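Residue numbers (UniProt numbering): 1 to 463.
Inspection log for the structure reproduced underneath, given as structure tokens.
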């Protein structure tokens, strides 16, 4: 496992905290209060939060904090399966990216004004604990909310019940979790965050299952629980259908048309429910993969927006940086100064002469952190057509072929994206002489024959 990392904000460590709980418990309101955000909120038990969303960063005691809002497992529109897919995909993508982003803590908000712990509250807590696992208990804070609408004596009794019952919070509290009474003030919210600020970041059970153990979502503890619930629902619908059919046969014998019509509507409802439960069980893996891909795209775009500002070109534009995005550049070789050009219907290199055929528009593909290079004179892209192997020639293609650019000692090495030679060494654009001309091909990184390292090093200068 990679060393813990919580992501950075221009090099500064971020304290990441997930906020979970039932629909209408006050998750978004709490986040808005302490962070100054404007997430959509609800004063009722109807859900507003449908997606996992990270609120903007804020400062507390000199630390940068980001809170993650989540939908409840009792959402009035989303199924339990859909809520799991949204939460699990977000957490897995954060943990699985190169920065290995972990959480400093998890806040679970509970409405204390409700008279009893109902089935929805029990289910939310149960799924929460399946996601978290026992290892991070010391990083959990149970926050009791809505005290202003509760009878204080009865509310205190409910807290005691939750804290001492093995079915509720007791196992987590025994493992080091905290319980805090939230008074709806910003001071109260800040004191809750302070309980987490100095925690050691941790990985959650669902993250380790999906990323480290590479389990399918259906094989995780939370996924198995959802699948079990869907199987129970399917069984219940099947039982109801059997009973309805028996009642319909009885209604036919009695020639009771009104009862027959009502039972037929019930049969349609139960049949639809049965089919949906079966579809949900069968589609969990594929639906999770699609959700995860959407999260990866959204988080990559966010990281690109929040990236540290690049220095202006006046501070040096020798190697490719984010400020080159959308700009026209000369791409020249470090060893001999020859320029990449579009000539004779393809890409080649030649002595620099300042013509538009030696100008390339650089486009950053933020989702993948890759680049495309488009010839200004032809509109075609620098690329490789067909199978790529060592020695393959570099030319132009009609579609935006993607390249990865690494900077070594102030020199840019340009690789065909995600392509390596058989021994695992990346293939790099290389210049080498033959028959009195310079050729443009891909060869192994740093080879001395042909080309040499400098023949694989490129300088990007904004025109």
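Backbone N, C-alpha and C define an ideal beta-carbon position, used for all residues, glycine too.
The structure displayed is predicted, hence computed values, not measured ones.
In the DSSP secondary-structure assignment, residue 54 is bridged to 68. Beta-bridge annotation (DSSP): residue 374 is paired with 361 and 381. For residue 150, the closest of 119, 112 and 327 by C-alpha to C-alpha distance is 112. Residue 462 is bridged by DSSP to 329.
Looking at the DSSP output, residue 403 shares a beta bridge with 371 and 416.
In the DSSP assignment, residue 340 falls within the beta strand (DSSP E) that extends over 339-343. With a threshold of 16 other beta carbon atoms within 10 Å, residue 189 meets it and is buried. Closest by C-alpha distance to residue 377, out of 386, 357, 361 and 387, is 357.
In the structure shown, residue 21 falls within a strand segment according to DSSP collapsed to helix, strand and coil.
If you draw a 10 Å sphere on the C-beta of residue 459, you find 16 or more other C-beta atoms in it, and that means buried. In this structure the stretch 229-246 lies against the stretch 263-281, because at least three pairs of beta carbons, one per stretch, are closer than 8 Å. Spanning the alpha carbons of residue 237 and residue 250 requires a straight line of approximately 20 Å. Buried is the label assigned to residue 71, since at least 16 other Cβ atoms lie within 10 Å of its Cβ. Within the same chain, Cβ atoms closer than 7 Å to the Cβ of residue 463 are found at 328, 329, 330 and 359, the five residues on either side in sequence being excluded. Annotation for residue 101: no beta strand (DSSP E) segment contains it, and DSSP assigns it neither H nor E. Where residue 34 is concerned, the enclosing alpha helix (DSSP H) starts and stops at 27-35. Counting other Cβ atoms within 10 Å of its Cβ, residue 213 stays below 16 and is therefore classed as exposed. Per DSSP, the unbroken beta strand (DSSP E) holding residue 140 starts and ends at 140-145.
Taking 8 Å as the cut-off, the Cβ atoms of residue 391 and residue 443 count as close. When Cβ pairs closer than 8 Å are counted between the two stretches, the stretch 124-139 is seen to touch the stretch 195-211, the count reaching three or more. As the crow flies, the alpha-carbon of residue 380 is around 22 Å from that of residue 412. At least 8 Å separates the beta-carbon of residue 104 from that of residue 143. Bounds of the beta strand (DSSP E) holding residue 346 are 346-350. Following the DSSP letters along the chain, one finds residue 395 inside the beta strand (DSSP E) bounded by residues 395-397. When DSSP assignments are scanned along the stretch 110-177, the uninterrupted stretches of alpha helix (DSSP H) that are 4 or more residues long and fall wholly within it turn out to be 119-132, 152-164 and 170-174. Proximity to residue 52 across 274, 88, 26 and 29 peaks at 88, based on C-alpha coordinates.
Counting along the chain, residue 214 sits inside no alpha helix (DSSP H), nor does DSSP assign it H or E at all. Residues 403, 405, 428, 429 and 458 of the same chain have their beta carbon placed closer than 7 Å to that of residue 414, with the five preceding and five following residues left out of the count. Residue environment: residue 398 is assigned as exposed (fewer than 16 neighbouring CB atoms within 10 Å of its CB, all protein chains considered). About 5 Å separates the beta carbon of residue 347 from that of residue 396, a gap short enough to meet the 8 Å contact definition.
With contacts defined by Cβ atoms closer than 8 Å, residue 332 and residue 441 do not form a contacting pair. When the alpha-carbon of residue 353 is set against those of 365, 274 and 337, the nearest one is in 337. Where residue 90 is concerned, the enclosing alpha helix (DSSP H) starts and stops at 80-96.
For the 8 Å CB-CB criterion, residue 159 and residue 179 form a contact. Cβ-Cβ separation between residue 130 and residue 69: approximately 20 Å, too far for a contact (criterion under 8 Å).
Assigned with DSSP and collapsed to three states, residue 288 falls in helix.
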